[in-house]
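Residue numbers (our numbering): 415 to 493.
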């Protein structure tokens, strides 16, 4: 499987930089996994056409859009 390119919207990027370093590393690890296989460990919401997953043992929720045609993932939010 091809590796996806990940881009971040400003709101998600700002939230990432506000996380403590330990949690940033957990998000980084999950981003590597998502880039390899975005569906593995993620849930799809057909109503919003968005995907969700978690990092740091479920303490951080990540919302993203998946663009299969261009092999891109857009990180929309971190909670």
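Glycine included, every Cβ here is placed at the ideal spot set by N, Cα and C.
Just so you know, these numbers come straight off a predicted model, no measurement behind them.
N- and C-terminal bounds of the alpha helix (DSSP H) containing residue i
i: residue 428; result: 424–431
Beta bridge counterpart(s) of residue i as assigned by DSSP
i: residue 492; result: 476
i: residue 458; result: 465
i: residue 417; result: Answer is none; residue 417 lacks a bridge partner.
Rounded C-alpha distance that separates residue i from residue j
i: residue 419; j: residue 474; result: 21 angstroms
i: residue 470; j: residue 476; result: 11 angstroms
i: residue 446; j: residue 417; result: 9 angstroms
Secondary structure of residue i, DSSP reduced to three states
i: residue 444; result: helix
Cutoff 8 angstroms: residue i Cβ touching any chain D Cβ
i: residue 462; result: Among the protein chains of the structure shown there is no chain D, as only one such chain exists.
Across the region 415–433 and the region 453–462, are there enough close Cβ pairs to call them in contact, namely three or more that are closer than 8 angstroms? no
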